[in-house]
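So the structure is just underneath, and the comments pick up after that.
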Amino acid sequence: MSDIPSAAFAVYRLLPSLSPSRGDYRTLLLSGSLRKIIRWQRSGSPEDRPTDVSAEWDGDPRCRPTEFPSPDPGAPVVSRRIADLLGEELLAAGSLLPLRIDGRETDDWLLYLVERVVDCIDPRRSSKPTRSGEIKKAVFRADVVPVELPAFRVPHAPGMVYWNGWAVQRLVELLGDDLEARLIWSVDPSLTPHPNPWGI
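Be aware that the sequence shown starts at 35, since it is given in the numbering used here, and climbs by one per residue.
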């Protein structure tokens, strides 16, 4: 299980666990819909906001899915159980959209479309975004980080979702070893950020 410090000012990237000890599982790929999501994230235009999102299961059908099955850093997906337990908190930063999975509409899995964009990166101390929009080393301005939100995006890298520590703690409590939390930044100098938070 990911070790989540109690400090309020900590920011993470979340993804399905890559630990071999947790066994095989299926992930959810958003395929063509991912381009729609990225276009909306970059433009911010209401006309580009995705409303019809398709996905496909990837992996052995005999393996179980996880409740946080999307590895894409800008398009988190949660199970209905997680949405029911944390929906009020999640909706503070965005919307939960039903999916069409393998051609069938379902609300058993929901795309978490994070809408809140907050300019809280310190550009002088952070690395520049790569062509794919990743910021390998992100340093945040603690007085501007929206700690009241479970997740947010930043204008410097609008296609990436950043998670606040308290929300990560809640999700780890619910999902255990199925979830990997990679520390990106913290006010606690004793904590070491993940060397490649956006990698797989």
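All residues carry an ideal CB built from backbone N, CA and C; glycine is no exception.
Only exposed fits residue 178, as fewer than 16 other CB atoms lie within 10 angstroms of its CB. Ranking 107, 148, 204 and 135 by CA distance to the CA of residue 127 puts 148 first.
Beta-bridge analysis with DSSP links residue 135 to 89 and 138. Listed in chain order, the beta strand (DSSP E) elements of length 3 or more contained wholly in the segment 193-227 are 213-220.
DSSP places residue 65 in the uninterrupted alpha helix (DSSP H) bounded by 65-77. The beta carbon of residue 136 sits closer than 7 Å to the beta carbons of 90 and 91 from its chain, once the five residues preceding and following it are set aside; these are given in chain order. DSSP, read as helix, strand or coil, puts residue 169 in coil. For residue 124, the enclosing alpha helix (DSSP H) begins and ends at 114-124. Shown here, residue 50 sits in a strand according to DSSP, grouped into three states. Taking the CA atoms as reference points, residue 172 sits about 19 Å from residue 76.
Separation of the CB atoms of residue 84 and residue 104 is rounded to 14 Å, and the pair is thereby denied contact status at 8 Å. Secondary-structure assignment with DSSP links residue 60 through a beta bridge to 99. As a beta-bridge residue in DSSP terms, residue 185 pairs with 197. Remark: fewer than three beta-carbon pairs, one from each stretch, lie closer than 8 Å, so the segment 180-194 and the segment 138-145 are not flagged as touching. Between residue 108 and residue 195 the beta-carbon gap is near 6 Å, inside 8 Å, which marks them as a contact. The C-beta distance from residue 117 to residue 144 rounds to 5 Å, short enough to fall under 8 Å.
If you compare the alpha carbons of 50, 106, 209 and 207 with that of residue 193, the shortest gap goes to 106.
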